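A.B. asks:
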Amino acid sequence: MEVAGIALGCSTAAAVSSVPLLLALRRRTLWAMAAALCVWPIVAVVVGVVVTARMMFLSDHDLRLIMIIVVVSAVVASAFALRVGRPVVAGTGALTRAAATLGGPGYSGAGRVPTTELATLAATLDAMDTRLVESLQRER
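The opening position of the sequence shown corresponds to residue 81 in the working numbering, with each subsequent residue numbered one higher.
1) Quick check: what's the CA-CA separation for residue 108 versus residue 139?
2) Nearest to residue 131 by alpha carbon, out of 170, 201 and 91?
3) Between residue 154 and residue 126, how many whole angstroms is the CB-CB distance? I'm expecting something under 8 Å.
4) By how many angstroms is the C-alpha of residue 188 removed from the C-alpha of residue 72?
5) What first and last residue would you give for the alpha helix (DSSP H) that runs through residue 193?
6) DSSP on residue 163, reduced to helix/strand/coil?
7) Classify residue 129: buried if its beta carbon has 16 or more other beta carbons within 10 angstroms, exposed otherwise.
8) Helix or strand or just coil, what does DSSP make of residue 109?
9) On a CA-only basis, which of 217, 181, 162 and 96 is nearest residue 110? Give me that one, please.
10) From residue 148 to residue 121, what distance separates their C-alpha atoms?
11) When burial is assigned at 16 or more other CB atoms within 10 Å of the CB, is residue 84 buried or exposed?
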């Protein structure tokens, strides 16, 4: 039960300490926010493992091995999470470019986007473009 308390404490500390970072990233790119959201839970796990291992009074050799395993796992997990999140960031870029040409002759839509929410937004932009073009034609 003590280990669960350590895990809870470390996770809570990591979550609370992430709040200032996430607030600072609010006005930054989605990529920066996604990176923080991917990496911070991994930091919580790493801290929990390290604190638990230190409390177990492992030998220096065993502690070093655990640290190597945790660091390598954290790097791989972070890289994977960031790679998986890349299409979402690209999708928001496509939506931004589509919105910039809305109603103009160069509008081509956002194309295929990776999530249902972004696809709904892309469809809404397409409908807005159609209505805007029709409205502009009526005015002429």
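Here a beta-carbon is modelled for each residue, glycine too, at the ideal position from N, C-alpha and C.
This one's a predicted model, so the numbers in the text were calculated from it and none came from an experiment.
C.D. replies: In this structure, then:
1) 43 Å
2) 91
3) 5 Å
4) Because the chain in this structure spans residues 81 to 220, residue 72 falls outside the shown range and cannot be described.
5) Segment: none, residue 193 is in no alpha helix (DSSP H) and carries neither H nor E.
6) helix
7) buried
8) coil
9) 162
10) 18 Å
11) exposed
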